[in-house]
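To start, the structure itself, in structure tokens.
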Amino acid sequence: VWDFMKEPVSLNNEKLVCEAVMASCLSALKKFDSFTSPPSTPLEAMCETVRKAETPVLKGVLSYIEREMEGLDLKEYYQERRLKSLNLDSPWDPERDVTSDSMGDEDSGNWDW
10 VWDFMKEPVS
20 LNNEKLVCEA
30 VMASCLSALK
40 KFDSFTSPPS
50 TPLEAMCETV
60 RKAETPVLKG
70 VLSYIEREME
80 GLDLKEYYQE
90 RRLKSLNLDS
100 PWDPERDVTS
110 DSMGDEDSGN
120 WDW
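Sequential numbering from 10 applies to the sequence shown in my numbering.
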């Protein structure tokens, strides 16, 4: 399952994932911007430190996802990978067509799939 899940499934799926990650990052950055007064307690100071550390990380993720979205049309998705694995990614050639003569003995049930 994990080998399958690490590869892109569909353009629509990848786009939705990118949009969800971007929305989460933008939401967090917007919340960070709402803290305008200086920290007044040690806990608020620690939170400010965390926000300052997380801000460039969130911006970096946004930048990465934006680049990822630009290349979505260049990815090979499940359908293309599956067709290639079945050697069905090229035009049909009658010379390469599988016939019952090449598959096995029909009467004995010995099919060579």
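Where a beta carbon is used, it is the ideal one built from N, C-alpha and C, also for glycine.
| Check | Outcome |
| --- | --- |
| By Cβ distance, which residues of its chain are closer than 6 Å to Pro17, with the 5 residues on each side in sequence left out? | Glu23, Lys84 and Tyr86 |
| For the alpha helix (DSSP H) containing Ser72, name the first residue and the last one. | Pro51 to Glu79 |
| Alpha helix (DSSP H) containing Asp12: first to last residue? | Trp11 to Met14 |
| Just to confirm my understanding: we take Glu53, look at its own chain, exclude 5 residues before and 5 after, and list those with CB closer than 8 Å. What are they? | none |
| Would a C-beta distance cut-off of 8 Å place Val59 and Cys34 closer than the cut-off? | no |
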